[in-house]
Amino acid sequence: MPDDRPDAVELVEAVREFLLNEVAPQVHGQLSFHVRVAANALAIAAREWRDGPALRGAARERLARLLNQAGEYEALNRELCRRILAGQPPPDRAGLLAHMRQTAADKLRLANPRYARSDDD
Numbered sequence: 017m018p019d020d021r022p023d024a025v026e027l028v029e030a031v032r033e034f035l036l037n038e039v040a041p042q043v044h045g046q047l048s049f050h051v052r053v054a055a056n057a058l059a060i061a062a063r064e065w066r067d068g069p070a071l072r073g074a075a076r077e078r079l080a081r082l083l084n085q086a087g088e089y090e091a092l093n094r095e096l097c098r099r100i101l102a103g104q105p106p107p108d109r110a111g112l113l114a115h116m117r118q119t120a121a122d123k124l125r126l127a128n129p130r131y132a133r134s135d136d137d
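Counting along the sequence shown from 1, when you hit position 15 you're at 31 in our numbering, and nothing is skipped either side.
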């Protein structure tokens, strides 16, 4: 249930903290590396659960404006790709580039927030 505590993100973050604080100091070599990889994967999953829906919604809105049509994110994204591959990109080139930059930044933010720092940081 959505109101249950801890929620999915909190559970994933708790497992990640356990791996980093309790397991990682007790293991060495390749197993230590795999523990850190698992902890990183859990951090990505937590960010996806927490931030993914809003980022996907924003991308869907950008795509709908660019393509001048309504639809779900996946269908709109496929349509954009189809048009680009057919040599018929949306006429709003600046909007297209802004969408692509924002989408890339959002994906980086989910994968590793340190990669997506703004120029002001």
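Note that CB positions come from ideal geometry on N, CA and C, so glycine has one too.
query, result
"Count the other C-beta atoms from every protein chain shown that fall within 10 angstroms of the C-beta of residue 82, then say buried if there are 16 or more, exposed otherwise.", "buried"
"For the putative contact between residue 40 and residue 52, defined by C-beta atoms under 8 Å, what is the C-beta separation to the nearest angstrom?", "7 Å"
"State buried or exposed for residue 24, treating a residue as buried only when at least 16 other CB atoms are found within 10 Å of its CB.", "exposed"
"Mapping the DSSP letters down to three states, classify residue 122 as helix, strand or coil.", "helix"
"Using CA atoms only, rank isn't needed, just tell me which of 30, 118, 49, 22 is closest to residue 77.", "118"
"Would you mind stating whether residue 70 and residue 28 have Cβ atoms separated by less than 8 Å?", "no"
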